[in-house]
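Numbering (the numbering used here), first residue to last: 131 to 243.
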């Protein structure tokens, strides 16, 4: 009986230790699976954030391109108007010069007569 008691005690100690190791291993495995799941969720959220940021950058690039084209168009229109005004001013000055020359010629003709 004594031998049987020792054997039973050793068996309980041995298997009790194994059970404890199994329990600890299961806890570690459970924590590892939870971490893996958390990391996968974070990776997914990061990928979504990157995609959203990329879409925003593309949207801003399109908006800036449209604004730049609009400003170029306005600049070209302004330059066209300035060139037109320049031509009008040149034509008016030419008319004034022609009138002055005609007046000078007329005064000179009167002076000679």
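Glycine residues also receive a C-beta, built at the ideal position from the N, C-alpha and C atoms.
Say the cut is 7 Å; is the CB of residue i nearer than that to a heavy atom of the ligand ADP?
| i | result |
| --- | --- |
| residue 201 | Within the structure as shown, the ligand ADP is missing, as the structure has no ligands at all. |
Residues in the same chain with beta-carbon distance under 6 Å from residue i, minus the five sequence neighbours each way, listed in chain order, please.
| i | result |
| --- | --- |
| residue 212 | none |
Which same chain residues, not among the five before or five after residue i, have their C-beta less than 8 Å away from its C-beta?
| i | result |
| --- | --- |
| residue 180 | none |
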